[in-house]
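In terms of the working numbering, the sequence shown opens at residue 24 and continues consecutively.
Written out below as structure tokens is the structure these notes cover.
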Amino acid sequence: MEPEVESFSLPPDGDIPNNPLPLILYRHALSPELRSPSGCQSLFARNTWGGNWVNGIFDYWHFHITGHEVLGCVAGHALVGFGGDGGIRVEYRAGDVAVIPAGVGHKRLGDKHDGFTVVGGYPPGQDGTITRPGEETVEEARRAIAALLLPRADPVLGNDGPLVKAWSIR
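Structure below.
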């Protein structure tokens, strides 16, 4: 079954720069056999996204200026905010994957349910150093983000995935 793909453009929100590249949300992207940390990590690695970790999503606004990020939900569910207080709210469930452009704010809103667990990862040469709103000026953050390379492939569907077109990678 192909995942449902949603795309969100998120304008700057106060001290959160966000990014002109859209946030891509894949609903039902992880089949049951990929809904484990090792299964999800394997999928991301096949598509050149590494630096994987397993945890949750922080309950404070943060973003990354040193890497684009993929988050695959392998268990449970939680309400997650993207883009800052003026952004979007998403019920994020097991099987969903979000590709978050560098600079896009995100946080878990409220409680975690049913063992909420995500696998995170980054394109080659990038990482998830955490920046909180106000730690960098928006202009400093934008300069750092602009210097990042775009990923070579979609972390879920590879070279022909929707991220490739949405971010004009090829």
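For glycine and all other residues, C-beta sits at the position ideal for the given N, C-alpha and C.
Note that the structure is predicted; figures quoted are calculated from it, not measured.
| Check | Outcome |
| --- | --- |
| Using CA atoms only, rank isn't needed, just tell me which of S61, K135, G107 and A125 is closest to E114. | K135 |
| Anyone know if the C-beta pair for N75 and T140 falls short of 9 angstroms? | no |
| For D82 versus G37, is the C-beta spacing smaller than 9 angstroms? | no |
| Measure the C-alpha to C-alpha separation of I39 and G128 and round it to an integer number of angstroms. | 6 angstroms |
| Residues in the same chain with beta-carbon distance under 7 angstroms from A52, minus the five sequence neighbours each way, listed in chain order, please. | P26, G118, D119, V120 and V179 |
| List the DSSP bridge partners of C96. | V141 |
| When the Cα atoms are used, what is the spatial distance from E92 to V122? | 6 angstroms |
| What's the gap between the Cα of E158 and the Cα of G151? | 15 angstroms |
| Could you give the distance in angstroms between the alpha-carbon of G126 and the alpha-carbon of L48? | 16 angstroms |
| Using CA coordinates, which residue listed in N42, G95, R155 and V103 is at the minimum distance from Q64? | G95 |
| Cα separation between W54 and F67? | One detail in the question is off: residue 54 reads as Ser in this sequence, not Trp. Distance between the alpha carbons of S54 and F67 is about 13 angstroms. |
| Take L171 and list the residues in its own chain whose beta-carbon comes closer than 6 angstroms to its own, dropping the five residues that flank it on each side. | A125 |
| Please report the residue range of the alpha helix (DSSP H) in which V161 lies. | V161 to A169 |
| In angstroms, rounded to a whole number, what distance separates the CA positions of P147 and D137? | 32 angstroms |
| Out of curiosity, what's the CA-to-CA distance linking G62 and V28? | 21 angstroms |
| Tell me where the alpha helix (DSSP H) around L270 begins and ends. | The shown model of the chain, from 24 to 193, leaves out residue 270, and the question about it has no answer. |
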